[in-house]
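Numbering-wise, the sequence shown is residues 233 to 665 according to our numbering. Where a beta carbon is used, it is the ideal one built from N, C-alpha and C, also for glycine. It should be emphasised that the depicted structure is a prediction, and the values quoted were computed from it without experimental measurement. The block underneath contains the structure these notes are about, expressed in structure tokens.
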Amino acid sequence: MNIYDEIKRKITGKRATQYRKSCLIIPCGWFGFDYKEIHKRASENNCHFITYDFKEVDRSEKIYLDYCKYKEITYRGVNLYESSIYNICNDLELAPKFLDFSDQVQKKVLEKWYEIAARHVDYATRLFDENKIELVIIPQGYVLEAAVVRQIAVNRGVSVLAIENSLSKDKLLWDNVSGITVNANLGKNYFWKFKSSIDERTAIKYKEDFLRNIKLLKVSEHSSPKTQYPRNGGRKTILFLSQVYLDSSIIFGIYDFPDTVKIIEILCRFCERMNYELIVKLHPKEIEGNSILNRPYDKITWRKIKSNKYLADKIEQQTYVHVDFENSYDTYSLISNADVCVTVNSMAGIEALLLGKNVILCGQSSYGGLGFTFEAYNQEFLDFFLELVTTKNKTMINADADKFFYIYLEKYCIDKTNGALISLIEKQQLARR
């Protein structure tokens, strides 16, 4: 601390860091960054970097729980439901539409996470009060501590930079407007900005190169084996590309469906009526991966499917539906053999588009609503589009999907390196000044 800072501290009783522009970062192991290097580079540019390292602080206020208005409860200006719902759903292994806080078990889980969220509010508020924070860098936007910090930053007019892994292991997506990278990121804005300036041949070549090297570019937890699924030549095939049951993109992005299992049931009933085959590709991460609470997923979607009597019976009959719950088959062979692909909002859907397949989305997606996907907002829309594609050969496939993919990875996403992240942070700081 220099003499000038020491004089200020003695006069005001405040620490020097309050007069120095600061960035608050929530470190996350998902990305593989060297946070020490990031801190070092930030210091060289006269930016004080603060790491979010949660510690208990004295509670400043009590939480008053009104279970009739549990979604509206705030603590020091932070909505506790919005901050903790992602963790609550993962704790209970329930989609939001199945939550019922009149149930005592669920009620206790709600109380637990509201209390934890409030503690984070107290800790984060102290950080904001004691430092001149001009930018916060958070993972994704929905994990509890990130959701708390995001709300406080928005309330105080502080810039928010959210980051997240992309469909390519070498790329990182980001957002500095919504502060949420899940479904609400800047991908569409970049598409609209660069669409007319990207040559179609450039986009096609980029797509072809990606598809040729797709196994090398995928994140390991999304990879599948080389085994090909044998095509049933006599019937049309619908492929459902499932996601992790409690993924934030599902919890916060699914349209008017209770959960993914209900979508699978709707698809199975449609296939039964039409004498089609339904293939359900479950997410490989559910086999050995862990949730945000570090609990094994233990094939959660498969467990939910088996608890659905209709689906359990149809799977046992092996007539209309086959579920790949062990990651036995190559995803891209399944896509290639499908007549139409359905997903909530998986990025595997954009890969299906690259392979020339019609895609029906059942949720808000970064690539949805741009003119090359069908948007099924509820069961009626889903049934209608399935019939439209499989019986009347209607298509939404066009070159814009290739352009979007190129723009998404090359214009929007950044390289997943320390240097690229530091450069992005510096740009946010310059834009703020």
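Note down the Cα distance separating residue i from residue j, rounded to an integer number of angstroms.
{"i": "TRP262", "j": "LEU543", "result": "34 Å"}
{"i": "GLY411", "j": "LEU404", "result": "15 Å"}
{"i": "ALA327", "j": "THR575", "result": "17 Å"}
{"i": "ASP361", "j": "ARG527", "result": "34 Å"}
{"i": "SER316", "j": "ASP556", "result": "32 Å"}
{"i": "GLN460", "j": "THR551", "result": "20 Å"}
{"i": "TYR644", "j": "VAL414", "result": "14 Å"}
{"i": "LEU324", "j": "ASN540", "result": "18 Å"}
{"i": "ASP647", "j": "SER400", "result": "10 Å"}
{"i": "GLY603", "j": "ALA350", "result": "42 Å"}
{"i": "ALA548", "j": "LEU566", "result": "For the sequence presented, residue 548 should be read as Glu rather than Ala. Those two C-alpha atoms are separated by around 21 Å."}
{"i": "GLN475", "j": "ILE482", "result": "8 Å"}
{"i": "LEU449", "j": "ILE348", "result": "37 Å"}
{"i": "ARG444", "j": "ILE470", "result": "24 Å"}
{"i": "ALA274", "j": "LEU586", "result": "39 Å"}
{"i": "PHE637", "j": "LYS340", "result": "44 Å"}
{"i": "SER391", "j": "ALA435", "result": "33 Å"}
{"i": "PHE613", "j": "LEU510", "result": "18 Å"}
{"i": "ALA633", "j": "SER560", "result": "28 Å"}
{"i": "TYR374", "j": "SER480", "result": "7 Å"}
{"i": "LEU618", "j": "ILE532", "result": "27 Å"}
Buried or exposed, going by whether 16 or more other CB atoms sit within 10 Å of the CB of residue i?
{"i": "VAL337", "result": "exposed"}
{"i": "PRO462", "result": "exposed"}
{"i": "CYS300", "result": "exposed"}
{"i": "PRO516", "result": "buried"}
{"i": "TRP345", "result": "buried"}
{"i": "GLU520", "result": "exposed"}
{"i": "ASP441", "result": "exposed"}
{"i": "LYS287", "result": "exposed"}
{"i": "GLU366", "result": "buried"}
{"i": "ALA394", "result": "buried"}
{"i": "TRP424", "result": "exposed"}
Per DSSP, what kind of secondary structure is residue i in: helix, strand or coil?
{"i": "THR459", "result": "coil"}
{"i": "GLY595", "result": "strand"}
{"i": "PHE279", "result": "Residue identity check: residue 279 is Cys in the sequence provided, not Phe. Looking at CYS279 - three-state DSSP - the assignment turns out to be coil, as it is neither helix nor strand."}
{"i": "ILE582", "result": "helix"}
{"i": "ILE486", "result": "strand"}
{"i": "ILE436", "result": "helix"}
{"i": "TRP345", "result": "helix"}
{"i": "ASP647", "result": "strand"}
{"i": "LYS468", "result": "coil"}
{"i": "ILE305", "result": "coil"}
{"i": "LYS425", "result": "helix"}
{"i": "VAL621", "result": "helix"}
{"i": "ALA191", "result": "Nothing can be reported for residue 191: it is not among the residues displayed for the chain, which extend from 233 to 665."}
{"i": "GLU226", "result": "This structure gives no information on residue 226, because the portion of the chain shown stretches from 233 to 665."}
{"i": "CYS573", "result": "strand"}
{"i": "CYS503", "result": "helix"}
{"i": "ILE317", "result": "helix"}
{"i": "HIS454", "result": "Bear in mind that the predicted position of HIS454 carries a pLDDT of just 49, short of 50, making it too unreliable to give a figure here."}
{"i": "GLU558", "result": "coil"}
{"i": "LEU478", "result": "coil"}
{"i": "ILE365", "result": "strand"}
{"i": "LEU326", "result": "coil"}
{"i": "ASN526", "result": "coil"}
{"i": "SER334", "result": "coil"}
{"i": "VAL512", "result": "strand"}
Considering only the beta carbon of each residue, do residue i and residue j sit closer than 9 Å?
{"i": "GLY581", "j": "VAL591", "result": "yes"}
{"i": "ASN408", "j": "ILE282", "result": "no"}
{"i": "GLU377", "j": "TYR318", "result": "no"}
{"i": "LEU331", "j": "LEU297", "result": "no"}
{"i": "ASN421", "j": "TRP406", "result": "no"}
{"i": "LYS635", "j": "ILE430", "result": "yes"}
{"i": "ILE486", "j": "CYS594", "result": "yes"}
{"i": "ASP642", "j": "TYR438", "result": "Note that residue 642 is Glu in the sequence shown, not Asp. Yes. Within cutoff."}
{"i": "ILE369", "j": "CYS279", "result": "no"}
{"i": "LEU473", "j": "LYS427", "result": "no"}
*For the region 614-626 against the region 646-662, are there 3 or more C-beta pairs whose distance is under 8 Å?*
no
*Tell me, please, whether the region 489-500 touches the region 384-398 by the rule of three or more beta-carbon pairs shorter than 8 Å.*
no
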